[in-house]
Amino acid sequence: NLGHAVGSHSIPNTMLGGKEHKLLDEVKSDVEFLSSLDAILVLGGGRPSSPAGPPLYVQNRCDIAADIYKEAGDRRPIILCLSAGTAHVPNLPNPPESPGSVGGPPVYESTASAAYILSRHPEVREEDVQVETTSYDTISNAFYSRVSHGDPSGWKRLLVITSSFHMERSRAIFDWVFGAPSGREGAVGAGYEIRYLPAPDVGLTGEEVASRKAREDKSAVNVRTKLAPKYPALSDVLKFLTTQHDLYSAKGLIARSQVLTDGDVGSSVDESVVKSYGGGNIGLGGSGGRHFAWHGLVSNAGILAAVSVAAFFIGKRNGMSSVQGSKLHDK
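FYI, in my numbering the residues of the sequence shown are 1112 to 1442.
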């Protein structure tokens, strides 16, 4: 169970509900699965409070990932921490007390998660922790973790960890993206096997959980009924990101930079949702969060996306294919 110590840090049983605890025990007791587990994907979920301080609910995702890593023993699966940031609040500056990023990138969600894991769980080896620093929502979490890490590394068996409120949409998106064939009709999949493990919804108010869950569930339906059927192949997902997605298309980023120049930002995101991404910790409502977040997005997303897309085409050139598996920015 989760009541025992994991390195120097322990996770109390009271943090897990009955369903979460059962699913965790099932994974930990599945020797065959653990013996061939290639990677544990830990989704980000909001602005960190410090360079090694992701939100509490993300800390729980990290603790569970470290616990599974320990159970896997000599297999030593990679722990891949996901996410550059979110569209709803600004990245944490680097250094944190500065008005903006100085001499390099900000503190990404994924690097805060990685730092947390390595500082709290000494049995996790530094070389077994990787970070994905391109994505700003769940769709790009899945896409860039696959084309930048999964396909080039030849991974097959994955465990995805996120919070319970976020699980339904995450499952819909990862099933879609990791199940998409690399080519067109008749392409043979790469055979990814993905299991999903929910972490407890701690560190958020009841209002924030309810707002997030309503948003997530609505998006999950949209993914299954509209996006996945319309963009079935991996190249289609890339086309969607680069032509339709607010955070990855040229037109979307250009439009956002013009909005910032005009000073009229606005927001369609409920304030409780913004707070759940860490906006409440820095005194931002919906519009303020979007305003500052776009400075980081415009400066970082283009270069990083180009690197990851290059990895995608390298994977295709080497004959790596994908699987048959189970709004534009929607983190």
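Note that CB positions come from ideal geometry on N, CA and C, so glycine has one too.
- Taking Pro1204 as reference, the option from Cys1192, Pro1217, Thr1197 and Ala1198 with the minimal CA-CA separation is Pro1217.
- Inter-residue distance for Val1348 and Glu1237 is about 32 Å (C-alpha atoms, whole angstroms).
- One thing to note: Ala1344 has its Cβ no nearer than 7 Å to the Cβ of Ala1283.
- Here Leu1152 really is in contact with Leu1269; their C-beta atoms are around 6 Å apart, less than 8 Å.
- For Leu1349, there is no enclosing beta strand (DSSP E); the residue is part of the alpha helix (DSSP H) that begins and ends at Leu1345 to Thr1354.
- A distance of 7 Å or more separates the beta carbons of Thr1244 and Ala1198.
- Within the DSSP bridge table, the entry for Val1218 names Leu1203 as partners.
- Restricting attention to Ala1225, Tyr1180, Asp1248 and Asp1136, the CA atom closest to the CA of His1356 is found in Asp1248.
- In the DSSP assignment, Arg1236 falls outside any beta strand (DSSP E), carrying neither H nor E.
- With contacts defined as CB atoms closer than 7 Å, Gly1314 and Leu1135 fail to qualify as a contacting pair.
- A buried status is given to Val1240, since no fewer than 16 other beta-carbon atoms sit within 10 Å of its beta-carbon.
- Going by DSSP, Arg1326 is part of the alpha helix (DSSP H) stretching over Gly1317 to Asn1333.
- Rounded to the nearest whole angstrom, the CA to CA distance from Gln1170 to Ile1272 is 11 Å.
- Secondary structure of Ala1150 (DSSP, three-state): strand.
- Straight through space, the alpha carbons of Ser1368 and Ser1209 are spaced by roughly 22 Å.
- Val1142 sits away from Leu1308, with the two beta carbons spaced by 7 Å or more.
- The Cβ-Cβ distance between Lys1267 and Asp1185 does not fall below 7 Å.
- Given a length threshold of 4 residues, each whole run of the alpha helix (DSSP H) inside the segment 1251-1301 is given here in chain order: 1275-1290.
- Straight-line spacing of the CA atoms in Ala1366 and Ser1360 works out to 10 Å.
- For Ser1161, DSSP records a beta bridge to Gly1164.
- Per DSSP, Glu1131 is one residue of the alpha helix (DSSP H) stretching across Gly1129 to Ser1140.
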